[in-house]
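Each number in the working numbering corresponds to the 1-based position in the sequence shown with 793 added.
Where is the CB? At the ideal position from N, CA and C, for every residue including glycine.
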Amino acid sequence: MNTQPQIWLAVGSQHLYGPETLEQVAANARQVADGLARGLPPGMVVEVRPVLTTAEAIAAFCREANADPRCIGVAAWMHTFSPSRMWIAGLTTLAKPLVHLHTQFLRDIPFAAIDMDYMNLHQAAHGDREFGHICARLDLRRKVIVGHWQQPEFVGRWTAWARAAAAWHDWQNGPIARFGDNMRNVAVTEGDKTSAQIQFGFCVNGYGVGLLARYVDETPEADVRALLDQYLGDYAVAPELAPGGPRHESLREAAKIEAGLRRFLGEGGFKAFTTTFEDLHGLRQLPGLAVQRLMAEGYGFGAEGDWKTAALVRALKVMAQGLPGGSSFMEDYTYHLDPQGMMVLGAHMLEVCPTLAGGRPSLEIHPLAIGGKDDPCRLVFDAAAGRALNVALIDLGDRFRLLVNEVKLLEPAERLPKLPVARALWRPQPDLPTSAAAWIYAGGPHHTCLTTSLTMEHIEDFAEIAGVELVKIDAKTTDLWAFRQSLRWSTASFSH
């Protein structure tokens, strides 16, 4: 059985035009599907379904899409006119993400040769408007993409939606392991895990750190040696951590933590996890290197029990599969408030993903002033310059909100020789005072996911699929009063 993620192409028509026209519709749909599939992320396919011409067939199609775990979303295209009352019974039950492709098979009108046969076949101009009307009447969440299916702009918008649909599919029943609890007395990293599971699908379960410590203690020596070989090959290892160095035992301990954590997460099928420096029972170090490396492989992570950011990091990792750049757990740490160039320095105690690195990371060991454990190993690097997004998921009590800020990552003007953590320097859009005020007005947290792989369109599509409020801060956010008014309108719209 093919287990690849599939997007099902639903092509609408009717029996009015006769069997020859329907055969041509089906043949054209296969070509369109093949073309759309070439723009998809690795491992994803477009599955062409039989042309839909009756209400019964449409309802059966939607039931089948809901029940098939391979189907991550539905793409609808009305090749000809398809009376939309036929779609009501199916669309009211459809539980998979929906994208409406407003396109036609041939790009240009053949002015010299056009006849009624051509007109009967190429009717998306009004067939898709009929379909769009019923989607609006049913208040369905969906994305509408307009243009020719072979044009790069169309393919780009289609691919963005497909990536968002894949991330949403990954969230469904996706388990997240929470080692320990929330950082004490902190509000923003807490939240309603049951409400999150109802709306988003992922589930968050707590585990004692002592259980993880047992996995660490039982790590086979062969696994430790294999990881040490990887460290020596992948990173610039500090001399004191190298074999024979005075701190090599600390690196061995970091390898044991990574191996134990990997085994625990793998056995439980977990997609993301959290830790907290306030609960390290049985561990000799706060996991740093292990967290960084697991994030680089696609796991979501949140520090201090922050399960919402862990889930978000995982979603953005899935969305960005195969794209250049990276995505990481991040924290706004400190400011550069020079009026000539205000900037944010982002970092964390240890846990920034090396997919953001602008060069080869160095593997180092330094003291950690909190947690009361041995000095932890970590990767140290500067994030590569370029455009990026800072994204956060917030629990506001009666609803969730996605908050995103466009930023520009910068090369540090000077070296940071005494800052022993991975870090990113950025200039938020439109500027630091405006963006920070807007972020605070919106209730934004200090933990985020920083991504250099994704665009605003990916986040917009994901928010639409999830049915979650999205607040954007970008170069156009120049009027804070208008921004605050938009928050009030959004609150009125999304509050239960």
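DSSP three-state call for residue i: helix, strand or coil?
{"i": "MET1136", "result": "strand"}
{"i": "LYS1201", "result": "strand"}
{"i": "GLU1144", "result": "coil"}
{"i": "VAL1298", "result": "The chain is shown only over 794 to 1289; residue 1298 falls outside these bounds and no answer can be derived."}
{"i": "LYS1049", "result": "helix"}
{"i": "HIS1074", "result": "coil"}
{"i": "ILE907", "result": "coil"}
{"i": "ALA1176", "result": "strand"}
{"i": "ILE1266", "result": "strand"}
{"i": "GLY1061", "result": "helix"}
{"i": "SER832", "result": "Before going on, a small fix: residue 832 reads as Gly here, not Ser. In this structure, GLY832 counts as coil in the three-state DSSP scheme."}
{"i": "VAL825", "result": "helix"}
{"i": "ALA1162", "result": "coil"}
{"i": "ASP1261", "result": "It is worth fixing the name first, because residue 1261 is Val in this sequence and not Asp. Residue state, collapsed to three classes: coil."}
From the DSSP output, read off the bridge partner residues of residue i.
{"i": "SER1120", "result": "THR1244"}
{"i": "ASP1125", "result": "GLY1139"}
{"i": "ARG1107", "result": "Paired residues: none, contrary to the question."}
{"i": "ASN1183", "result": "ASN1198 and LEU1243"}
{"i": "ARG1220", "result": "LYS1201"}
{"i": "ARG1291", "result": "Lying outside 794 to 1289, the shown extent of the chain, residue 1291 is not represented and no answer is given."}
{"i": "VAL839", "result": "ILE800"}
{"i": "THR1068", "result": "ALA1096"}
{"i": "PHE1276", "result": "In the DSSP output, where bridge partners are listed per residue, PHE1276 has none listed."}
{"i": "VAL1030", "result": "LEU1156"}
{"i": "PHE1193", "result": "ASP1188"}
{"i": "ALA1150", "result": "ALA1176"}
{"i": "GLY805", "result": "LEU845 and MET871"}
Following a CB-centred definition, is residue i positioned closer than 7 angstroms to any heavy atom of the ligand NAD?
{"i": "PRO834", "result": "With respect to small molecules bound, the structure shown includes none, and the ligand NAD cannot be examined in it."}
Using CA coordinates, which residue listed in the options is at the minimum distance from residue i?
{"i": "GLN1085", "options": "PHE1066, ILE1252, ALA957 and SER875", "result": "PHE1066"}
{"i": "PRO1154", "options": "SER1121, HIS962, ASN1183 and ALA1215", "result": "ALA1215"}
{"i": "LEU933", "options": "ALA905, LEU887 and ALA1268", "result": "LEU887"}
{"i": "ARG1056", "options": "ALA1162, TYR1008, MET976 and HIS1159", "result": "TYR1008"}
{"i": "GLN1222", "options": "LEU1189, ALA1268 and GLY1237", "result": "ALA1268"}
{"i": "GLY1062", "options": "ILE969, GLY1026 and LEU1143", "result": "ILE969"}
{"i": "ALA1006", "options": "LEU1212, CYS864, LEU1073 and THR1148", "result": "LEU1073"}
{"i": "LEU1225", "options": "MET1136, VAL839, ASN998 and LYS1049", "result": "MET1136"}
{"i": "CYS855", "options": "CYS1146, VAL818 and TRP801", "result": "TRP801"}
{"i": "PHE1094", "options": "LEU1054, GLU1199, LEU1280 and GLU1157", "result": "LEU1054"}
{"i": "THR1102", "options": "GLY1118, THR1068, LEU1076 and ASP1131", "result": "THR1068"}
{"i": "LEU1202", "options": "LEU1004, THR952 and ALA1177", "result": "ALA1177"}
{"i": "THR1248", "options": "MET976, GLN817 and LEU1109", "result": "LEU1109"}
{"i": "GLY1081", "options": "LEU1116, LEU1044 and GLN1114", "result": "LEU1044"}
{"i": "ALA1256", "options": "LEU829, PHE1287 and THR1148", "result": "PHE1287"}
{"i": "ARG956", "options": "ARG1192, ARG1277, TRP1282 and ILE1252", "result": "ILE1252"}
{"i": "GLN799", "options": "PRO1205, PRO862, ALA1035 and ARG922", "result": "PRO862"}
{"i": "THR1148", "options": "ARG971, ALA1181, LEU894 and GLU1033", "result": "ALA1181"}
{"i": "ARG1171", "options": "GLU1157, GLY1179 and GLN990", "result": "GLU1157"}
Could you give the C-beta distance for residue i and residue j, rounded to a whole number, given that I count them as a contact under 8 angstroms?
{"i": "GLY1139", "j": "TYR1128", "result": "Incorrect: roughly 11 angstroms between the Cβ atoms, too far for contact."}
{"i": "LEU1196", "j": "TRP1232", "result": "7 angstroms"}
{"i": "TRP961", "j": "ALA1185", "result": "Wrong, their Cβ atoms sit about 18 angstroms apart, outside the cutoff."}
{"i": "PHE1174", "j": "ALA1104", "result": "PHE1174 to ALA1104, Cβ: 25 angstroms. No contact."}
{"i": "GLN807", "j": "SER875", "result": "6 angstroms"}
{"i": "SER1120", "j": "SER1283", "result": "SER1120 to SER1283, Cβ: 25 angstroms. No contact."}
{"i": "ALA1089", "j": "ALA1047", "result": "Their Cβ separation, rounded to whole angstroms, is 15 angstroms, which puts ALA1089 and ALA1047 out of contact at 8 angstroms."}
{"i": "GLU1124", "j": "HIS941", "result": "Between HIS941 and GLU1124 the Cβ distance is about 44 angstroms, and since that is not below 8 angstroms, they are no contact."}
Notebook entry, point to check: Which parts of the region 966-1025 are runs of the beta strand (DSSP E), unbroken and 3 residues or longer, counting only runs that do not cross its ends?
Noted result: 968-972 and 996-1000
Check: Could you give the uninterrupted runs of the beta strand (DSSP E) lying entirely in the region 846-898, keeping only those of 3 residues or more?
Finding: 864-871 and 891-895
Notebook entry, point to check: Whole alpha helix (DSSP H) runs in the region 913-942 with 4 or more residues, listed along the chain?
Noted result: Runs found: 917-930.
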